[in-house]
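Working notes, structure below.
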Ligand SMILES: *Cc1c(COP(=O)(O)O)cnc(C)c1O
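Numbering (the numbering used here), first residue to last: 603 to 1002.
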C-alpha cells in the first residue's frame, strides 16, 4: 500500500519524496534514552512481581515503589511520585505548586504558564499566596531579589505560545544561576511535551512535573502524571495528592504499574517517531510557502510543531487531514466549537486509543488570527507523514 491510496495529490507526494532528512542526532538521542531507561530497569531489578498491582489500601505495593525509583533514576533525581491518580499534567503541576507554597509565600512564574494553569495560579490568592508573573524578557535574577519568592515556576515547552522552547541545558544553566545566589528558592518546571526529546532532562530543578498521556506514557499509560525531584519535596507532593500521614505509603494501583513501566520503556521510541513527524510536517509545509515554528531544520526540545496558515478554512482543512489519518475515528468530520475557557472557536483533531492523548497524532487550533495550527504527537512516523500530507492535501484541494 502507498500514500497515493489515501487520495493524496501526486505533487504533494513528489515534494514529500524530495525532502531530505538527517535523523542521526534524533536517533542517537532515542538510543541513549532507551539505554538510560533499560539501565534503570536493570539497576532496580524490575521483575514480573513489579507488574502486578494492589487493591484496597494498596500497602506494600512493590510495583508502585519500583515505578517511583525507576523514574527517579531516569531523571537523575532523588525521588519520584508517579501515579495514575494524577488526572493529567495540570493536576501534577498544580500538586507540585500547592505542595510547596504556604500562606504569605510568593510564587514567581518566569513567563506565562500553560492556559490550564491560569486558574490554578490565580486561585493561590485565596490562600494568601502571592502570584507574580514575569515575561521572558524580564530579568529573572533581579526579580527574585525584589520579590523574594519561595518558588520559581518555568515552562519548558513553548506550548501554544509564540516563543522558543527551552532546551534542558538552558534550563539547567538557569537553575544553577538561581541556586548560586538564592539556594533556598524552589524551582518547579513544567516539563510537559519535553521529555526524552533531548539527551538530558531539566533536572537541576527541585521539582519537575508532567503528564503520562504525553511523552513518558509512551502511548501505553492510560492516564496519570509524574513529579520527580528532591525527596523532601516529593514527600510534600505525596501528602498533597493523598493525605498527610499517607503520602507515599499507600494507594492501590490495579493494573497501572505494568502500563506505566511498559509505557516508559516504549517512550524513547514513540518520542523519536513524533519528533520525526513534527520535522516532516514542518519541512513539507515550508516547501509550500508556510511559516513554521520551529523550522524544519531546527533542533527540537519538545513535540509541538506549529504551522501558520492563512484563514479559518485552512485551519479546519488542516485538522481534518490529521483526523483522517487517525487510527480511531478517521471518518469523523470536524467542526469548530466554543470550548469552555476559550474566547473563540477551536478545532481539534484527535483519533487516539487513549482519550485526549497528545502523545498520539493530534492537531488543534483556535479559529482566530494569526491562524496558527499545532501538530503534535504520533506513535508512528508513517502515520505522522500521512497526517501532514492529508492536512496539506485538504488545504490545496478543499472539499466542497
Ligand atoms: C499539556 C501541557 C500541560 C498540561 O496539560 P494537561 O492537558 O493537563 O495534561 C501543561 N503544560 C504544557 C506546556 C503542556 O503542553
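Heads up, the beta-carbon is just placed ideally off N, CA and C, and yes, glycines get one too. These figures come from a predicted structure and were not determined experimentally.
- In the DSSP assignment, the residues bridged to residue 708 are 732.
- For residue 718 and residue 752, the gap between their C-alpha atoms comes out near 22 Å.
- For residue 725 and residue 732, the gap between their C-alpha atoms comes out near 10 Å.
- For residue 793, there is no enclosing alpha helix (DSSP H), as DSSP marks it with neither H nor E.
- Apart from the 5 residues on each side of it in sequence, residue 614 sits with its Cβ closer than 8 Å to the Cβ of 886, 991, 994, 995 and 998 in its chain, given in chain order.
- Residues 694, 826 and 827 of the same chain have their beta carbon placed closer than 6 Å to that of residue 688, with the five preceding and five following residues left out of the count.
- Fully contained in the region 607 to 663 is no beta strand (DSSP E) run of length 3 or more.
- DSSP places residue 809 in no alpha helix (DSSP H) but in the uninterrupted beta strand (DSSP E) bounded by 809 to 813.
- The region 663 to 670 and the region 782 to 793 do not touch, with fewer than three beta-carbon pairs separated by less than 8 Å.
- DSSP, read as helix, strand or coil, puts residue 740 in coil.
- Rounded to whole angstroms, the Cβ separation of residue 956 and residue 780 is 36 Å, and the two are not in contact under 8 Å.
- Residue range 858 to 889 is occupied by the alpha helix (DSSP H) that includes residue 877.
- Relative to the Cα of residue 800, the nearest Cα in the group 758, 645 and 980 belongs to 758.
- For ligand 1, no non-hydrogen atom lies closer than 8 Å to the CB of residue 732.
- Here residue 747 carries a helix assignment [DSSP, helix/strand/coil].
- In the DSSP assignment, residue 681 falls within the unbroken beta strand (DSSP E) covering 681 to 685.
- Cβ contact annotation for residue 664 (same chain, cutoff 7 Å, sequence separation greater than five): 651 and 652, in chain order.
- By the 16-neighbour rule on beta-carbons within 10 angstroms, residue 609 is exposed.
- Contact check for residue 821 against residue 989 fails: the beta carbons are separated by 9 Å or more.
- Taking 8 Å as the upper bound for CB-CB distance, residue 677 and residue 803 are in contact here, some 5 Å apart.
- Short note on residue 757: C-beta closer than 8 Å to some heavy atom of ligand 1.
- In the structure shown, residue 603 falls within a coil segment according to DSSP collapsed to helix, strand and coil.
- For residue 690, the shortest C-beta to heavy atom distance toward ligand 1 is below 8 Å.
- Counting only the Cα atoms, residue 923 lies some 16 Å from residue 948.
- With contacts defined by Cβ atoms closer than 9 Å, residue 882 and residue 898 form a contacting pair.
- About 5 Å separates the Cβ atoms of residue 842 and residue 697, confirming a contact at the 8 Å cut-off.
- Of 766, 730 and 903, the smallest CA-CA separation from residue 703 is found for 730.
- When secondary structure is reduced to three states using DSSP, residue 665 falls in the helix class.
- Short note on residue 718: C-beta closer than 8 Å to some heavy atom of ligand 1.
- For residue 724, the CB stays at least 8 Å from every heavy atom of ligand 1.
- When the Cα atoms are used, residue 903 and residue 766 turn out to be separated by approximately 9 Å.
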